[in-house]
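A.B. asks: Numbering (our numbering), first residue to last: 274 to 484.
Dumping the structure here so I can ask a few things about it.
Below, the structure is given as structure tokens:
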């Protein structure tokens, strides 16, 4: 009986050692054996520290020791590749870890930032590198779109950006918000209540409505 228990414990230890230490999913991997490299895209469940990302990178590198260069890109929930990554940990060949978006602490500060004026609507733009909350605000008899940016590598210390907007009712009944800019950009309320961000080429981002 004692021998059976020892075997069961050994199998349990082996199975646990083969499991990732962190909860993540590899959503894409592109290998290039000619150039001795592989690129990996990973979905995380939440923001992690640089120390945790380093551990994940070493864990993945250990299972791909045949590659000299390893590029790892991290995304938070509901973020998709194509608009930059929330963080990276690249072996070129030395490991370098960078958090490009907002940390958990900085995201929390963004969520608790107070906005002046009468808030008519609000949205969250889940951009990997420039997360922000947008507020449609009436203030001094004018309409504004106030964007609260979290601190990040690209946004610096973050803060508020304020744009005066002008309502443009379209023939199909949808509402468009125009504002002064040099790139033909405007906002459009989508049928699902989300806020579409458009320019002359079409929609390039959609911010989710906050209930």
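Just so you know, even glycine gets a beta-carbon here, dropped at the ideal spot from N, CA and C.
Report the CB separation of residue 407 from residue 418 in whole angstroms; it is logged as a contact under 8 Å.
C.D. replies: Correct: roughly 6 Å between the Cβ atoms.
A.B. asks: Identify the residues that DSSP records as bridge partners of residue 469: which are they?
C.D. replies: Residue 469 pairs with 461, 479.
A.B. asks: Mind the definition here: the region 359–370 touches the region 380–390 only if three or more C-beta pairs lie below 8 Å; say whether that holds.
C.D. replies: Taking 8 Å as the limit for Cβ pairs, the verdict is that the region 380–390 does not touch the region 359–370.
A.B. asks: Have a look at 437, 325, 402 and flag the residue whose alpha-carbon is nearest the alpha-carbon of residue 423.
C.D. replies: That would be 402, whose Cα lies nearest to the Cα of residue 423.
A.B. asks: Looking only at its own chain, which residues have a Cβ that is under 8 Å from the Cβ of residue 442, when we skip the five neighbours before and after it?
C.D. replies: Taken in chain order, the residues that qualify are 448, 449.
A.B. asks: Identify whether residue 407 lies in helix, strand or coil by the three-state DSSP scheme.
C.D. replies: Strand.
A.B. asks: Which two residues bound the contiguous beta strand (DSSP E) that contains residue 312?
C.D. replies: First-last of the beta strand (DSSP E) with residue 312: 310–317.
A.B. asks: Kindly indicate the opening and closing residues of the beta strand (DSSP E) around residue 427.
C.D. replies: Segment: none, residue 427 is in no beta strand (DSSP E) and carries neither H nor E.
A.B. asks: In the region 340–405, which residue ranges form an unbroken alpha helix (DSSP H) of at least 4 residues, counting only runs that do not cross its ends?
C.D. replies: The region 340–405 contains these whole alpha helix (DSSP H) runs: 377–384.
A.B. asks: Should residue 379 go down as buried or exposed, given a rule of 16 or more other Cβ atoms within 10 Å for buried?
C.D. replies: Buried: at least 16 other Cβ atoms inside 10 Å.
A.B. asks: DSSP state of residue 332, grouped into three classes?
C.D. replies: In this structure, residue 332 counts as helix in the three-state DSSP scheme.
A.B. asks: Taking the CB atoms as reference points, tell me whether residue 411 and residue 390 lie closer together than 8 Å.
C.D. replies: Against a cut-off of 8 Å, the Cβ pair of residue 390 and residue 411 comes out as a contact.
A.B. asks: Using a threshold of 8 Å, state whether the C-beta atoms of residue 327 and residue 370 are closer than that.
C.D. replies: It is a contact, given that the beta carbons lie within the stated cut-off.
A.B. asks: Short of 6 Å in beta carbon distance, which residues of its chain neighbour residue 314, apart from the five on each side in sequence? Order them along the chain.
C.D. replies: For residue 314, where only same-chain residues beyond five positions count, the Cβ hits under 6 Å are 300, 301, 346, 354.
A.B. asks: When DSSP builds the beta bridges, which residues end up paired with residue 297?
C.D. replies: According to DSSP, residue 297 bridges with 317.
A.B. asks: Does the separation of the CB atoms of residue 446 and residue 460 fall below 8 Å?
C.D. replies: No, the pair does not count as a contact, with Cβ atoms beyond the cut-off.
A.B. asks: Assign residue 400 to buried or exposed, taking buried as 16 or more other Cβ atoms, counted over all protein chains shown, within 10 Å of its Cβ.
C.D. replies: It counts as buried.
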